[in-house]
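Sequential numbering from 1 applies to the sequence shown in UniProt numbering. By construction, the Cβ of each residue, glycine as well, lies at the ideal position given by its N, Cα and C atoms.
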Amino acid sequence: MASLGCWEEQFSLLIRCFISKHSWRVAELELRRKLTASPLGSVLSAGIEQPVELIRLFKCFLFIFAVCLLHVVLCSAGGSSGIGEAVARELARCGARVVLATRNAVRGEEAAWRIRRDTGNPEVLFMPLDLSSLRSVHAFAAAFLQQEPNLHLLINNAGEQHSTDGFSLPFQVNHLGHFLLTQLLLQRLQSSAPSRVLIVASSAHQAGRLCMAKLGQPPPGPFAAFQDYCNSKLANVLHARQLAARLQGTGVTAYAVHPGFVHTQLFRHTPLWLQPLWTPLSRFCFRSAAEGARTVLFCATQDGLQPFSGCYFADCRPLQPCAQGRDDAAARELWERSERLLGLQPSLCTPVE
């Protein structure tokens, strides 16, 4: 078990103030109630005497030390750095068995080694996965199912890659690759229930406009790359919504998660002429990878989220997505068209009306 100092350090990193709309006293009482639910929490709560400690230690009721995490797949095209590595590190610190999936084998192995070193958890593994190749997704799923008997948490978090299957880059990496992987692992998720699927989305989904007849094709216009990304994030929100509807009553829940605007290695490709302005701006105005991991960790570990299955989360609370992101007919059509694009048999599970 980690030392008390280590836990306080992690709390200060992950948990800041939930009490923007609460008095310090109310928040303190709630914090003590939550903490004393476990033996370690009782020790921690004894040291919290000042409101300033609440600000330092408390954000969105994230008490991951009290959660028994067994088998986790962190499916992340950017899992060797950024949000993916931050999430994997905290889950591993809590004793989870983590399979870190990413495209770059060298970076993936290095990330797994760093996490094992930092957490003392030997159960952190790397498996190659290239979401831009559907063949790679099939190969990963087959290898995982042969190696791992359980799966309690699947986190779909993508970065930037290059599609090899004829689809638009963001759409395949951010949606189709994750959709296929989730379908291939769905039976294992159900047999391991209760389990969760997290799809890392973005507030950029609000600018998304999905044309179902041209799904997977790059949009026209001078800002095609940005629109393509927004469309893929809207697909993430709809995917989580429809997945939750189809899995209702199975013990598997799904959530779309916005981590906030995070300074990660995705910005290393910023044009040279823009870097003198963009680099300091992103570092000081955007969240760190650890801060971006908070809502992902919240949805991965918090008890009592079953009624919110299918919802869109930001800052550790459910928020209403854009109008098309709430359109169940669009979510159903996206699901069916995604199956056809991937050559999958229609799902046996249908949404519960």
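Rounded separation between residue i and residue j - CA only
i: G304; j: L341; result: 35 Å
i: Q147; j: Q320; result: 38 Å
i: P149; j: Q190; result: 12 Å
i: E30; j: S202; result: Confidence in E30 is poor, its pLDDT being 48 and thus under 50, which makes the residue's placement too unreliable to answer from.
i: A46; j: C94; result: With a pLDDT of only 41 at A46, under the threshold of 50, the placement of this residue in the model should not be trusted, and no figure is reported.
i: D315; j: F308; result: 15 Å
i: H178; j: N156; result: 6 Å
i: L145; j: G108; result: 20 Å
i: A139; j: D130; result: 10 Å
i: R103; j: V73; result: 14 Å
i: C311; j: G82; result: 24 Å
i: N121; j: T301; result: 18 Å
i: P346; j: L243; result: 13 Å
i: K233; j: H205; result: 5 Å
i: P220; j: L210; result: 13 Å
i: F226; j: Q172; result: 15 Å
i: H152; j: R135; result: 24 Å
i: R332; j: A96; result: 33 Å
i: Q306; j: L185; result: 20 Å
i: V99; j: L125; result: 5 Å
i: R188; j: G249; result: 16 Å
i: A101; j: V296; result: 17 Å
i: R114; j: E291; result: 19 Å
i: E336; j: F298; result: 30 Å
i: A330; j: R116; result: 42 Å
i: D228; j: P218; result: 6 Å
i: L247; j: F313; result: 19 Å
i: M212; j: A245; result: 20 Å
Option nearest residue i by Cα separation, candidates the options
i: L154; options: R107, V200, Q248; result: V200
i: K214; options: G343, I83, S338; result: S338
i: H258; options: R246, Q242, C230, Q248; result: C230
i: R89; options: V106, A101, N104, A111; result: A111
i: A323; options: G208, F298, Q248; result: G208
i: A86; options: R103, F226, D118, V106; result: D118
i: N174; options: L198, A143, R188; result: L198
i: P170; options: N236, S136, V124; result: N236
i: A240; options: D328, F126, A141; result: D328
i: E123; options: A141, A143, A92; result: A92
i: L176; options: M212, R116, C299, S132; result: S132
i: V137; options: R116, R114, L181; result: L181
i: L238; options: L247, R246, R326, M212; result: R326
Residue i: first and last residue of the uninterrupted alpha helix (DSSP H) it sits in
i: R107; result: 105 to 119
i: A314; result: Run containing A314: none in the alpha helix (DSSP H); it sits in the beta strand (DSSP E), 312 to 314.
i: L247; result: Where L247 is concerned, there is no enclosing alpha helix (DSSP H), given that its DSSP letter is neither H nor E.
i: L91; result: 82 to 93
Buried/exposed call for residue i, threshold 16 Cβ in 10 Å
i: residue 376; result: Look at the range of the chain in this structure, 1 to 353, and you will see that residue 376 is not part of it.
i: G216; result: buried
i: A293; result: buried
i: R317; result: exposed
i: L334; result: buried
i: V106; result: exposed
i: L344; result: exposed
i: Q183; result: buried
i: M127; result: buried
i: A142; result: exposed
i: C68; result: Because C68 carries a pLDDT of 43, less than 50, the predicted location of this residue cannot be relied on, and the following value inherits that uncertainty. Exposed.
Host beta strand (DSSP E) of residue i (start-end)
i: T253; result: 252 to 258
i: T334; result: According to the sequence shown, residue 334 is Leu rather than Thr. Segment 328 to 342 is the alpha helix (DSSP H) holding L334; no beta strand (DSSP E) there.
i: R188; result: First-last for R188: 177 to 191, but that is the alpha helix (DSSP H), not the beta strand (DSSP E).
i: N156; result: 153 to 157
i: V173; result: From DSSP, V173 is part of no beta strand (DSSP E); its letter is neither H nor E.
i: L131; result: It is not in any beta strand (DSSP E) - L131 carries neither H nor E in the DSSP assignment.
i: A101; result: 97 to 102
i: L198; result: 195 to 200
i: R317; result: 317 to 319
Practice task
Flag this pair as touching only if the stretch 235 to 255 and the stretch 192 to 210 have three or more C-beta atom pairs under 8 Å; answer yes or no.
Solution key: Short answer: they touch.
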